[in-house]
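Chains as they are written, first to last, in our numbering: chain A, 7 to 501; chain B, 7 to 501.
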């Protein structure tokens, strides 16, 4: 008889915020043990009668797997008819609407959770056993909840030097210190992070050591960088050494692409859709979850980029202990993810099956590869290479336009050698010329004023703009990059 | 020419929390001005392409107004076919799914907002002009957001002496002082509230004056009480005098019923459905909004009780200034209400029209009147009137079972004259006998330990339990009340 070794998550409750610690179990929740008990007449909970929910059924038309000819071309359809009552279900794993739309488990409906848990197992090999998942109303809310759960006012979080601006805004509004981590096109630099943490009081005197390390490892927003797997053990080790939680925000995880090759080097016969499921799965970056022997990684997942953002449906993967704390917060805030979103997503996903969903994700990869290729091909064509560099992005929705500010004729004079002065000028010039790209400074984590020494490169002479290829039609992309190229040529006097 | 007098809300920004004040407008949001601008190629925002959202259409079957023969009997059906693209809409006011499911306005989709705003106008005559609405993911989240927006740790909120336990839990976890307001079957007692505020430092030494007054005016949870309209001006005046925001949480507003009459006094020919829309609307309690000349009332509305709780869709009515602050918070937390919920609700409501929705609400009134009557009729039949009083509730989902603890033979001995000791004993006895009602103490706001004098009646010798009739089938209600009556007779030695 083989006995499997049980590896359990560590107790990390010492990292909880005062708010999370003050949250007590509610006595009324204890009544739910009797809710479905046939021996007890339940006059306990205030639930409206589901027989008068004014909905009889919902029917959803969705594309049908396999998606071997591209997502847009797929003409086949499945129709998911979602019934109100259990006895009318046309598909066993559907959530009856009467339950999905009733008050219920803030964790999520079991039919959806079981699909997502299986999906998680297929993609990530988590080394401890008591991990779990909980649904959220999307990763923005997952991050807000994470801050409430771990941080008190005055606490510190680490974020990539450039990051999603809403993540910084949420943390700063809560009175937290946001400290940037140096990064490059392979993500956070572990050597610089080690230095930062080892010499913390030199860099950030008077600021507490960080409790959270927030990262968008794959197709990072705004840089488009993807953290190389080889850096992850070092970073995880630092999280252990300095007792931090890693919040791994992975909305772009399934927007990983084939490596970029210039048009003339590309194999015209290569077709990502001929790749097997197994080699597609092997090609993806590894999650921090796979290194997590202690349960200190909280992964934020979402269907915003694989289905649609308006679903407002995400989920968190982490240790049961940590997720129970999110659950307690959700019960007094969002209560649960929308029942329509849960039924509809569960209806489609369970009909597709894990294989069908993987086929969809492979199709997404091909779609984004094509978009990214078109974008970078046209960057080469239209942007002046004398002053512009566009890194070869391999995941996500964004590309960076790096411009050598020192080559601008008025940089030292009118703009006093300061990219912060040149940036809004160039931004406005481009908008007036008819193309809008986002300013790099909008995504910059500046750190508190008290930080004497700043580890990240403040003296950079590189102008940074963020573009996206995600939802830009091909002809608009050509036009936009042409306009941008022309404007930069004019401004940098390259004509 | 008549010039209308313009009454605008007061600037109440001095009441915002530090967190709300720290929240700065995001520069990236300024780009949205160019999002639909045909003269600008927009490479600014990271939106996934809606053509590959894996949904072609959603079709929803709902009952069809008018609902003159009761909600359950209505057999007629409308089918709302919700198209993905604007050009495929079958109904002008539908939200195209491609927009509903995209990133978008955190305030809510315009088709839904315009219905809800019109609905608000029909039911409430708001005396100032710059009021607005914003969608939320339900009133629990609206309350959580309200606390984040107005309160710093250590601040004070007033709540009814008995109230929804999650509302207290949310506030206490945030480190706020929850102070009870004395109440009776007509809601908050303005005389006692005036005394409390005038003598604040005597009652609650060392505790800051309250910033928020939280009330569930109609069909209050757990007491079932409804605040009489005549009390509201006094309470509003106190809110003005002491510079408080009134948070009016009204999930049960449309569960107002005809007054209870015992079975033998009821007119068998009376039929609530014959009442005109106008007299139905006149019969409803007035909102604090109607007294609000300054914009210091924040009303929390929700479809949880009129449609279904799992929609996770609510909305807030208040001054534009206050709502903009909620908007800023939503953009870094929930982002927006679920797009499925918005499309489906908007699809049904706009097809029904305002008249159709009012017909539905009248049907709800009749449904709940029937349920409440059945419950109270059977309370009279089965509960021992020697020890039990059941107030005649006229709104909401709950009824209170008030028991004279002093009539329990062991009250002074085993239970030391303390209802807090008798309550869990009686609760467990009832559960063992096969009927579960919730303990009053679970909903009690106790106030901080430092409060020397407690205004509310701590010496009460009344045992309180909360029951619900909302989703209890008629035969289960009879059985539950029989069991409860028998158990109380046994315990109180009335056999």
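Note that the Cβ used here is the ideal one computed from N, Cα and C, for glycine as well.
- Within a 10 Å sphere around the beta-carbon of residue 492 of chain A sit 16 or more other beta-carbons, which makes this residue buried.
- Looking at the DSSP output, residue 220 of chain A shares a beta bridge with A:165, A:253.
- The three-state reading of DSSP puts residue 403 of chain B in coil, since its state is none of H, G, I, E or B.
- When Cβ-Cβ separations below 8 Å define contact, residue 371 of chain B makes no contact with chain A.
- Between the segment 116-134 of chain A and the segment 142-156 of chain A, the count of C-beta pairs closer than 8 Å stays below three; the two stretches do not touch.
- Along the length of the segment 164-208 of chain B, whole beta strand (DSSP E) runs at least 3 residues long occupy 183-187, reported in chain order.
- With respect to chain B, the C-beta atom of residue 238 of chain A has no partner C-beta closer than 8 Å.
- The criterion of a C-beta distance shorter than 8 Å is not satisfied by residue 76 of chain A and residue 392 of chain A.
- In the displayed model, residue 30 of chain A falls within coil according to three-state DSSP, outside both helix and strand.
- The beta carbon of residue 58 of chain B falls within 8 Å of a beta carbon belonging to chain A, placing the residue at that interface.
- Within its own chain, the residues whose Cβ lies closer than 6 Å to the Cβ of residue 495 of chain B, once the five positions on either side in sequence are excluded, are 390, 501, listed in chain order.
- By the CB criterion at 8 Å, residue 110 of chain A and residue 342 of chain A fall inside the cutoff.
- Ranked by Cα distance from residue 447 of chain A, the options A:407, A:320, A:157, A:35 are led by A:407.
- In this structure the segment 415-429 of chain B does not touch the segment 397-406 of chain B; the number of beta carbon pairs closer than 8 Å is below three.
- Within the same chain, and ignoring the five residues on either side of residue 365 of chain B in sequence, the residues whose Cβ sits closer than 7 Å to its Cβ are 71, 72, 73.
- The C-beta of residue 238 of chain A has 16 or more other C-beta atoms within 10 Å across all chains shown, which makes the residue buried.
- At least one CB of chain A lies nearer than 8 Å to the CB of residue 403 of chain B.
- Under the DSSP assignment, residue 430 of chain B falls in the alpha helix (DSSP H) whose first and last residues are 425-439.
- By the Cβ-count criterion, residue 166 of chain A is buried, with 16 or more other Cβ atoms from all chains shown falling within 10 Å of its own Cβ.
- Taken atom to atom, the span from the alpha-carbon of residue 174 of chain B to that of residue 188 of chain B is near 16 Å.
- Closest in C-alpha terms to residue 455 of chain B, from the list B:370, B:185, B:29, comes B:185.
- Listed along the chain, the chain A residues whose CB falls inside 7 Å of the CB of residue 437 of chain B are 40, 46.
- Contact annotation: in the segment 311-337 of chain B, residues whose CB is within less than 9 Å of a CB in chain A are 311, 312, 313, 314, 315, 316, 317, 318, 319, 334, 335, 337.
- Contact between the segment 26-36 of chain A and the segment 327-338 of chain A is present: three or more C-beta pairs spanning the two stretches fall below 8 Å.
- Residue 150 of chain B has a beta carbon lying within less than 8 Å of a beta carbon in chain A.
- Neighbourhood of residue 346 of chain A in chain B, by CB distance below 8 Å: 316, 317, 344, 346, 347, 350, in chain order.
- Distance between residue 60 of chain B and residue 346 of chain A, taken at the CA atoms: about 15 Å.
- Among the residues facing chain B, residue 227 of chain A is included, as its CB has a counterpart in that chain under 8 Å away.
- Pairing residue 93 of chain B with residue 348 of chain A, the inter-Cα distance amounts to about 28 Å.
- It is roughly 11 Å from the alpha-carbon of residue 39 of chain B to the alpha-carbon of residue 442 of chain A.
- Within the segment 354-381 of chain A, those residues whose Cβ lies closer than 7 Å to any Cβ of chain B are, in chain order, 354, 366, 373.
- CA-CA distance, residue 291 of chain A to residue 90 of chain B, rounds to 33 Å.
- Closest in alpha carbon position to residue 172 of chain B, among B:115, B:255, B:13, B:33, is B:255.
- Considering only beta carbons, the part of the segment 106-132 of chain A lying closer than 8 Å to chain B consists of 106, 107, 108, 109, 110, in chain order.
- Proximity of chain A to residue 474 of chain B at the Cβ level (cut-off 8 Å) is accounted for by 49, 50, 51, 52, 53, in chain order.
- Secondary structure of residue 344 of chain B (DSSP, three-state): coil.
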